[in-house]
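For reference, the structure discussed in these notes is given below.
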Amino acid sequence: MQQGSAPKISFVSLGCPKALVDSERIITRLRAEGYELARKHDGADVVIVNTCGFLDSAKQESLSAIGSAMAENGKVIVTGCMGAEPEQIEQAYPGVLSITGPQQYESVLEAVHRASPPIHNPHLDLVPPQGIKLTPRHYAYLKISEGCNNRCTFCIIPKLRGDLVSRPAADVLREAERLVAAGVKELLVISQDTSAYGLDLKYAESSWKDRSVRARFLDLARELGELGAWVRLHYVYPYPHVDEVVGLMAEGRVLPYLDIPFQHASPNVLKAMRRPAAQDKTLDRIKSWRAACPDLALRSTFIVGFPGETDADFAYLLDWLDEAEIDRLGCFKYEPVAGATSNALPDQVPDEVKQERWNALMARQQKISARRLKRKVGTRQQIIIDEVGPTVAKGRSKADAPEIDGSVYVSSRRPLRVGEIVTARIERADEYDLHGTVAGF
Ligand code: SF4
């Protein structure tokens, strides 16, 4: 692997549709972590062979696929049905790095991480720092493009991953459909810049079922909304065409949730960051979105202590937050990333000032979050259940993405199942979470 470039995985998927779903879940996760797929074993950092052990002929095919991978690459991870009885594989290929049975996604990913670690960078990762568990089958990340055409000064993604490369719409929809067929109830759409989707393909059409679908953010979101799962959109920039997608949210086709990494509000800082779609009308846009879709939840991330950020810029950000009433917020203290152009900017902010600003911003947000959540007391909300306990289950409303937002704790007369969507009456709110009782199934 070249210094700084994404690790490459070569993948062989054998067997039935169930094995294919396993392969897709592993690939989706690896893509989300920044791995790339290689076309050939030769030159890949590691090869994964998802085997089939149903018939002797299938076992032979699996063994020969492992053999080719060993010969052409040598770093091979085996999973799938044949991995459930590893002896035959161990005998034939003692050098295989790891062997696991079907659906043991986490073990496969651990083996990949050991063989070729992901590049961890808080400015690069699309997934939460604690990683994604693959075990819950009720939500899945769906990566729609790679790379980015923007050149934000604090970010090295375009250097590492290159310009935007979108997947054809039909390709994304096929993966989404298979995930839903495998029990996924919520699709989390991710990319570096979701609203730029399809630009590189000139919005080309591809065949999906009986129709053609353009590789356009709006068209893709509409089609994803037809699959019968919750669709949550992450990493959207406030370009004008986002208004149309808010229309889909108002119609209930995709979740009324927008994750927009604003990073700052002060025009000076946004300019120094070279942020896309940064314009002074953003507050007006937010107001008009909320007028069109009153349930809209906004999530965002911000960076404090960016070089050149003055007290006045920071005060501007706090006032802006009060007006924008961002529902959910993550905040980072600026850190230089090797290779980023912002490293050379003058007026770096001292660490203690960054910390003070971080504390002040989080305190302000806590109040805003508490105020917004309080308005939900007395309402009915649909809740997707993530974890079940003896008396109370933990879930999320449409306004909460897994692993990064708040939770809704619900009590219920009958035991709930993970992945079930119930209606709950909200009875209490605290700073970040809601509490209620199930009122309908
Ligand atoms: S939009 Fe900016 S921060 Fe996001 S990946 Fe592109 S260059 Fe990096």
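My numbering applies: residue 217 is where the sequence shown begins, and numbers increase by one. Positions of the beta carbon are idealized from the N, C-alpha and C atoms, including for glycine.
- Query: Where does the unbroken beta strand (DSSP E) through H689 begin, and where does it stop?
  - Reply: Residue 689 cannot be examined here, being either before or after the span of the chain that is shown, 217 to 657.
- Rounded C-alpha distance that separates L380 from A260: Position 164 of the sequence shown, counted from the start, is the residue given in the question as residue 380. Position 44 of the sequence shown, counted from the start, is the residue given in the question as residue 260. About 22 Å.
- Query: Is it true that the segment 559-573 meets the segment 386-395, where meeting means three or more beta-carbon pairs spaced less than 8 Å apart?
  - Reply: no
- Once you ignore the five residues that flank Q346 on each side, which residues in its own chain have a CB closer than 8 Å to its CB? Counting from one through the sequence shown, the residue named residue 346 turns up at place 130. Residue placement at Q346 cannot be trusted, given a pLDDT of 45 that sits under 50; the coordinates are not used to answer.
- Message: Quick check on Q218: buried or exposed, where buried means 16 or more other Cβ atoms within 10 Å of its Cβ?
- Response: Position 2 of the sequence shown, counted from the start, is the residue given in the question as residue 218. With a pLDDT of 45 at Q218, under the threshold of 50, the predicted position of this residue should be treated as unreliable, and no value is reported.
- Query: Can you tell me whether DSSP reads D435 as helix, strand or coil?
  - Reply: For the purposes of this step, residue 435 is taken as residue 219 along the sequence shown, with counting starting at 1. In this structure, D435 counts as helix in the three-state DSSP scheme.
- Would you check whether the ligand SF4 has a heavy atom nearer than 8 Å to the C-beta of Y453? Position 237 of the sequence shown holds residue 453. Within the cutoff, so yes.
- Is F518 near F370, with beta carbons less than 9 Å apart? To locate residue 518, count along the sequence shown from 1; it is residue 302. To locate residue 370, count along the sequence shown from 1; it is residue 154. No, Cβ-Cβ distance for F518 and F370 is not below 9 Å.
- Query: What is the DSSP secondary structure of G635, counted as helix, strand or coil?
  - Reply: Here residue 635 refers to the residue found at position 419 of the sequence shown. The answer is coil: DSSP assigns G635 none of H, G, I, E or B.
- From Q582, S239, M286, residue whose alpha carbon lies closest to that of K256: Walking along the sequence shown from the start, residue 256 turns up at place 40. Comparing Cα positions, the closest option is M286.
- If you count every other CB in all the chains shown that lies within 10 Å of the CB of F227, and 16 or more means buried, which is it? Within the sequence shown, residue 227 is the residue found at index 11, counting from 1. Buried, by the Cβ-count rule.
- Message: Let me confirm a value: S428 is counted as buried when at least 16 other C-beta atoms fall within 10 Å, else exposed. Which label applies?
- Response: Stepping through the sequence shown from its first residue, residue 428 is reached at position 212. With fewer than 16 Cβ atoms within 10 Å of its Cβ, S428 is classed as exposed.
- Item | Complete runs of the alpha helix (DSSP H) confined to the segment 434-493 [at least 4 residues] | 458-466, 483-489
- Task: Please list, in chain order, all residues with a C-beta atom less than 6 Å from at least one heavy atom of the ligand SF4.
- Result: C364, N366, R367, C368, C371, I373, P374, Q408, D409, P492
- Using the C-alpha atoms, what's the distance from A356 back to V654? Locating residue 654 in the sequence shown gives position 438, counting from the first residue. Locating residue 356 in the sequence shown gives position 140, counting from the first residue. Taking the straight line joining both Cα atoms gives about 25 Å.
- Query: Between the beta-carbon of I601 and the beta-carbon of V553, is there less than 9 Å?
  - Reply: What you label residue 601 is simply residue 385 of the sequence shown in a count that begins at 1. What you label residue 553 is simply residue 337 of the sequence shown in a count that begins at 1. No, the pair does not count as a contact, with Cβ atoms beyond the cut-off.
- Item | Beta-ladder partner(s) of W424, from DSSP | Residue numbering aside, residue 424 sits at position 208 when the sequence shown is read from its first letter. Partner(s): R427.
- Query: Leaving out the 5 sequence neighbours to the left and right, which residues in its chain are closer than 8 Å to A222 when beta-carbon positions are compared?
  - Reply: Counted from its first residue, the sequence shown places residue 222 at position 6. Excluding residues within five positions, the ones whose Cβ falls inside 8 Å are G250, Y251, E252, I335, L376, R377.
- Query: Which residues mark the beginning and the end of the alpha helix (DSSP H) in which D500 is found?
  - Reply: The count along the sequence shown starts at 1 and reaches residue 500 at position 284. Start and end: 498-508.
- Message: For a test of the three-state rule: what should DSSP assign to V355, helix, strand or coil?
- Response: What you label residue 355 is simply residue 139 of the sequence shown in a count that begins at 1. A quick correction: the sequence has Tyr, not Val, at residue 355. Of the three classes helix, strand and coil, the one that applies to Y355 here is strand, per DSSP.
- Message: Measuring only the C-alpha atoms, how far is E636 from L434?
- Response: Position 420 of the sequence shown, counted from the start, is the residue given in the question as residue 636. Position 218 of the sequence shown, counted from the start, is the residue given in the question as residue 434. So the alpha carbons of these two residues sit roughly 28 Å apart.
- Segment contact flag, the segment 470-484 with the segment 506-520, C-beta cutoff 8 Å, min 3 pairs: yes
- Message: Please tell me whether S585 and L533 are closer than 9 Å, where the distance is taken between their beta carbons.
- Response: In the sequence shown, residue 585 corresponds to position 369, counting from 1. In the sequence shown, residue 533 corresponds to position 317, counting from 1. Cβ distance not < 9 Å, so S585 and L533 don't count as in contact.
- Query: Which two residues bound the contiguous beta strand (DSSP E) that contains E694?
  - Reply: Residue 694 lies beyond the stretch modelled for the chain, which goes from 217 to 657, so this question has no answer here.
- Spell out a yes or no on whether the segment 596-615 and the segment 490-506 are touching, meaning 3 or more CB-CB pairs, one atom from each, closer than 8 Å. no
- Query: Is there contact between the segment 534-543 and the segment 562-571, where contact requires at least three CB pairs shorter than 8 Å?
  - Reply: The segment 534-543 is not in contact with the segment 562-571.
- Query: Run through DSSP, which three-state label would A615 get?
  - Reply: Locating residue 615 in the sequence shown gives position 399, counting from the first residue. Coil.
- Message: Which of the three DSSP states is assigned to A556 in this structure?
- Response: The count along the sequence shown starts at 1 and reaches residue 556 at position 340. Coil.
- Message: Measuring straight from C-alpha to C-alpha, what distance separates L236 and E322?
- Response: Here residue 236 is taken as the residue at index 20 of the sequence shown, counted from 1. Here residue 322 is taken as the residue at index 106 of the sequence shown, counted from 1. Between L236 and E322, the C-alpha separation is close to 16 Å.
- Item | Entirely enclosed beta strand (DSSP E) segments - the segment 217-280, minimum 3 residues | 224-229, 262-267
- Given a threshold of 16 other Cβ atoms within 10 Å of its Cβ, counted over all protein chains shown, does D529 qualify as buried or as exposed? Sequence index remark: in the sequence shown, residue 529 carries index 313 (1-based). Burial call: buried.
- Query: How would you label K291, buried or exposed, when you count the other beta carbons within 10 angstroms and need 16 or more for buried?
  - Reply: For the purposes of this step, residue 291 is identified with residue 75 of the sequence shown, where counting begins at 1. Per the 10 Å Cβ criterion, buried.
- Selected residue, minimal CA-CA separation from E306, among H457, E402, G283: Mapped onto the sequence shown, residue 306 falls at position 90. Measuring from the Cα of E306, the nearest candidate turns out to be G283.
- Taking C-beta to C-beta, are I642 and G652 nearer than 9 Å? Translated into positions along the sequence shown, residue 642 becomes position 426. Translated into positions along the sequence shown, residue 652 becomes position 436. At the C-beta level, I642 and G652 come within 9 Å of one another.
- Hey, how far is the Cα of L735 from the Cα of S407? With the chain covering 217 to 657 only, the question about residue 735 has no answer from this structure.
- Can you find at least 3 beta carbon pairs, one from the segment 439-451 and one from the segment 405-422, that sit closer than 8 Å? yes
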